[in-house]
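Take the UniProt record's numbering: the final residue in the sequence shown is number 234, and no numbers are missing along the way.
Backbone N, C-alpha and C fix where the C-beta goes; we use that ideal spot for every residue, glycine too.
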Amino acid sequence: MKIGFISDIHGNHIALKEALTFLRQASKVSEIFFLGDAIGYMPDANAVVTTLREENINCLMGNHEAMFLGWLPTDARAAQVYQFDKIRGTMADGNLEFLKKQLPFREISVSGTRILMVHGSPVDPLNGYLYPDTPLGNMQAYPYDFVLMGHTHRPFIRQHHSSWYVNVGSCGMPRDTGALAAVAVLDVNTKEARIYRLPLNIAAMREKYKGVHPDVENLWERTIPVKDIVGEII
């Protein structure tokens, strides 16, 4: 059995559709989990949440949902970049109620494989950060085979104690290289996790998402050497 994981869509409905198509048609996953941050930065938040609900995607809450709902503080400049005011005017009541019901963590066991999912980190499920170079030496041993997370928009797969830590990266706004969405697939039979990178149609995003903050447009153009890209480029 294969399970797909996505995170940090951030209002990018174009990227979400590509990711779901890849996971279901190419990777043949049986189930998909979304690890939080459906909203913020790009304006298609309502369409993103609608698709997550219609496609029966298992969802976690991210820090952007918590800020949008007023459950975490945010400053004025950040709110401008996140475009919460614009999003608020488009979010359907049913989608808003859906967001309120999500949690930033979830534990499951599939065929004997123990899995913890968080948005941030095991220590701080909503707002913790684990980067590819974050030291794990002081992290306690957890009773899971896999710990999956998002939040940093930078994917990695690392082992610590008996657990594999998998940051699935960002589906909608990758921060390592802007034109490659990240998704993850876990094969619970072989106990192997893999990260895949999917080309994003930046031209289509520029056309559809006019008016995003310049910081977001700059991320779309960010590149790194191919040798430094984490994951298999599709």
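Can you name the residues that DSSP bridges to residue i?
| i | result |
| --- | --- |
| Ser-109 | Arg-114 |
| Arg-158 | Tyr-165 |
| Asp-187 | Lys-2, Glu-192 |
| Phe-34 | Ile-6, Cys-59 |
| Arg-197 | Ala-182, Ile-233 |
Counting only beta-carbon separations shorter than 9 Å, does residue i have a partner in chain D?
| i | result |
| --- | --- |
| Gly-36 | In the displayed structure, chain D is absent; only one protein chain is listed. |
Measure the beta-carbon distance from residue i to residue j and round it to whole angstroms, keeping in mind my assumption that it falls under 8 Å.
| i | j | result |
| --- | --- | --- |
| Gly-62 | Ile-32 | The Cβ separation is near 16 Å, so there is no contact. |
| Ala-19 | Leu-198 | 6 Å |
| residue 235 | Pro-104 | No answer is possible for residue 235: it lies beyond the span of the chain, which begins at 1 and ends at 234. |
| Thr-177 | Ile-224 | 5 Å |
| Tyr-196 | Val-183 | 5 Å |
| Ile-157 | Ala-193 | 6 Å |
| Val-29 | Ala-38 | That pair is no contact at about 19 Å. |
| His-160 | Leu-136 | 4 Å |
| Leu-126 | Tyr-142 | Not quite, the Cβ-Cβ distance comes to about 17 Å (not below 8 Å), so this is no contact. |
Do residue j and residue i come within 9 Å of each other at the CB atom, strictly closer than that value?
| i | j | result |
| --- | --- | --- |
| Ala-15 | Asn-46 | no |
| Leu-186 | Phe-146 | yes |
| Lys-210 | Asp-44 | no |
| Gly-169 | Val-216 | no |
| Gly-172 | Met-149 | no |
| residue 242 | Asn-58 | With the chain covering 1 to 234 only, the question about residue 242 has no answer from this structure. |
| Gly-40 | His-64 | yes |
| His-151 | Asn-138 | no |
| Met-1 | Asn-189 | yes |
| Pro-174 | Leu-219 | yes |
| Val-118 | Leu-60 | yes |
| Lys-191 | Thr-113 | yes |
| Glu-221 | Ile-202 | yes |
The alpha helix (DSSP H) spanning residue i covers which residue range?
| i | result |
| --- | --- |
| Phe-84 | 84 to 88 |
| Ile-202 | 202 to 208 |
| Leu-52 | 45 to 54 |
| Glu-97 | 93 to 100 |
| Asp-215 | 214 to 220 |
What residue range is occupied by the uninterrupted beta strand (DSSP E) comprising residue i?
| i | result |
| --- | --- |
| Asp-20 | According to the sequence provided, residue 20 is Leu. The question's Asp does not apply to it. Premise fails: Leu-20 lies in the alpha helix (DSSP H), 13 to 21, not in any beta strand (DSSP E). |
| Val-147 | 146 to 149 |
Between the segment 121 to 137 and the segment 75 to 90, do three or more beta carbon pairs fall short of 8 Å?
-> Touching, no, given that fewer than three Cβ pairs across the two stretches are closer than 8 Å.
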